[in-house]
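A.B. asks:
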Amino acid sequence: MLLHGLLILIIPNIHFDAVQMPEVLEIQLVKQPAPTPPAPPQPAQPPAEVVEPQTKSIPKPTPKPVVKQTPSPIVQEARPITETPITTVAPEVIAVKPAPERPAPTHTQPVAEPVKETPPMPSQAEIDNATGRYGNSLWNAISKHKKYPKIAQMRGWQGEAIVELELDGSGKLKSKKITQSSGYEVLDKQALEMVEKAVPFPTPPEALRNSNFTIVIPVPFKLE
Numbered sequence: 028m029l030l031h032g033l034l035i036l037i038i039p040n041i042h043f044d045a046v047q048m049p050e051v052l053e054i055q056l057v058k059q060p061a062p063t064p065p066a067p068p069q070p071a072q073p074p075a076e077v078v079e080p081q082t083k084s085i086p087k088p089t090p091k092p093v094v095k096q097t098p099s100p101i102v103q104e105a106r107p108i109t110e111t112p113i114t115t116v117a118p119e120v121i122a123v124k125p126a127p128e129r130p131a132p133t134h135t136q137p138v139a140e141p142v143k144e145t146p147p148m149p150s151q152a153e154i155d156n157a158t159g160r161y162g163n164s165l166w167n168a169i170s171k172h173k174k175y176p177k178i179a180q181m182r183g184w185q186g187e188a189i190v191e192l193e194l195d196g197s198g199k200l201k202s203k204k205i206t207q208s209s210g211y212e213v214l215d216k217q218a219l220e221m222v223e224k225a226v227p228f229p230t231p232p233e234a235l236r237n238s239n240f241t242i243v244i245p246v247p248f249k250l251e
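Residue numbers (the numbering used here): 28 to 251.
Below you can see the structure in the form of structure tokens.
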């Protein structure tokens with residue numbers, strides 16, 4: 028006790044903290060289950076007999092015909108093609124009339140054409156009469172173009188040129204020529220020039236229309 032008092036006196040300022048109680052840890056013991064006893068050993072089985080497999084002849088299967096399947100064509104959907112519009116100038120349209128259709132030929136019996144009656148040939152007297160009258164008509168047409176050459180007038184040349192004319196049935200001039208000279212070449216040329224200027228001639232009479240004919244025309248040159 029004295030010792031304790033001395034210690035208190037010696038160390039008056041020492042403070043003692045309150046004593047803390049230790050935490051109590053609770054531990055539970057779990058009982059393990061008893062181990063399972065080992066299974067008793069099974070009796071040994073005799074070895075199995077080895078049975079050799081019996082080989083059986085298996086008939087080969089009859090081969091079936093192989094049918095080749097033709098693959099169906101793959102149809103691809105055509106995509107619309109977008110065309111770029113092109114501006115063109117419309118050409119001028121020329122209307123063409125269609126040719127008229129020709130009727131199909133028909134087989135018809137030939138029709139005998141009526142026989143045209145040939146007009147009777149004119150007599151020689153009728154031909155001579157027609158020639159004289161037609162000659163006068165030709166002279167009237169030719170004389171309208173008569174011109175006396177100046178050189179013939181100055182020198183006093185005179186004469187008569189005979190001109191032969193060949194004409195067809197329509198009065199068309201086929202040829203001309205001097206059959207008898209006037210004696211002066213300048214007068215003969217003037218006669219032929221008068222004939223040329225008188226063409227076309229008048230239509231001949233009916234008696235002269237069947238064939239070509241010849242007319243002689245005298246062309247006189249006289250100074251007055």
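C-beta: ideal position from N, C-alpha, C; glycine also.
Go ahead and pull the three-state DSSP assignment for VAL222.
C.D. replies: The residue you call residue 222 lines up with position 195 of the sequence shown. VAL222 falls in the helix class under three-state DSSP.
A.B. asks: Tell me whether SER202 sits in a helix, a strand or coil according to DSSP, three-state version.
C.D. replies: For this step, residue 202 is matched to residue 175 along the sequence shown. Three-state result, SER202: strand.
A.B. asks: If THR241 and LEU192 are in contact, beta carbons under 8 Å, what's the gap, nearest whole angstrom?
C.D. replies: Here residue 241 corresponds to residue number 214 of the sequence shown, with the count starting at 1. Here residue 192 corresponds to residue number 165 of the sequence shown, with the count starting at 1. With a Cβ gap of about 7 Å, THR241 and LEU192 count as contacting.
A.B. asks: Please go through the same chain and pick out, in chain order, the residues whose beta-carbon is closer than 6 Å to the beta-carbon of MET28, but skip the five residues on each side of it.
C.D. replies: What you label residue 28 is simply residue 1 of the sequence shown in a count that begins at 1. Confidence in MET28 is poor, its pLDDT being 48 and thus under 50, which makes the residue's placement unreliable; the coordinate value appears in the next sentence. Around MET28: no qualifying Cβ.
A.B. asks: For the segment 169 to 180 against the segment 211 to 229, do three or more pairs of beta-carbon atoms, one drawn from each stretch, fall closer than 8 Å, so that the two count as touching?
C.D. replies: Judged by Cβ distances under 8 Å, the segment 169 to 180 makes contact with the segment 211 to 229, as three or more pairs qualify.
A.B. asks: Here's the rule I'm using: 16 or more other beta-carbon atoms within 10 Å means buried, otherwise exposed. How should SER209 be labelled?
C.D. replies: Looking up residue 209 in the sequence shown gives position 182. Classification for SER209: buried.
A.B. asks: Once DSSP output is grouped into helix, strand and coil, what is the label at GLY262?
C.D. replies: Outside the displayed range of the chain (28 to 251) lies residue 262, so it cannot be described from this structure.
A.B. asks: By the three-class DSSP mapping on this structure, what secondary structure does GLU251 have?
C.D. replies: As a first step, residue 251 must be located in the sequence shown, where it is residue number 224. DSSP places GLU251 in coil when its eight states are reduced to three.
A.B. asks: When DSSP labels each residue in this structure, what does GLY159 get in the three-state scheme?
C.D. replies: As a first step, residue 159 is located in the sequence shown; it is residue number 132 there, counting from the start. It is helical.
A.B. asks: How should LEU250 be labelled, buried or exposed, when 16 other C-beta atoms within 10 angstroms of its C-beta is the threshold for buried?
C.D. replies: Within the sequence shown, the letter at position 223 stands for residue 250. LEU250 is exposed by the Cβ-count criterion.
A.B. asks: Starting from ALA179, trace the alpha helix (DSSP H) both ways and give me its first and last residue.
C.D. replies: Against the sequence shown, residue 179 aligns to sequence position 152. Per DSSP, ALA179 belongs to the alpha helix (DSSP H) from 177 to 182.
A.B. asks: Using DSSP's beta-bridge definition, name the partner residues of GLU187.
C.D. replies: As a first step, residue 187 is located in the sequence shown; it is residue number 160 there, counting from the start. DSSP output for GLU187 lists PRO247 as bridge partner(s).
A.B. asks: Can you tell me whether PRO231 is buried or exposed, with buried defined as 16 or more other CB within 10 angstroms of its CB?
C.D. replies: One-based indexing of the sequence shown puts residue 231 at position 204. Classification of PRO231: buried, given that the 10 Å Cβ count is 16 or more.
A.B. asks: To the nearest angstrom, how far is it from the Cα of GLN185 to the Cα of LYS174?
C.D. replies: To locate residue 185, count along the sequence shown from 1; it is residue 158. To locate residue 174, count along the sequence shown from 1; it is residue 147. Approximately 13 Å between the Cα atoms of the pair.
A.B. asks: Assuming the contact rule is C-beta atoms closer than 8 Å, SER164 and PRO245 should be a hit. Round their C-beta distance to whole Å, please.
C.D. replies: Position 137 of the sequence shown, counting from 1, holds the residue named residue 164. Position 218 of the sequence shown, counting from 1, holds the residue named residue 245. About 15 Å separates the two Cβ atoms, so there is no contact after all.
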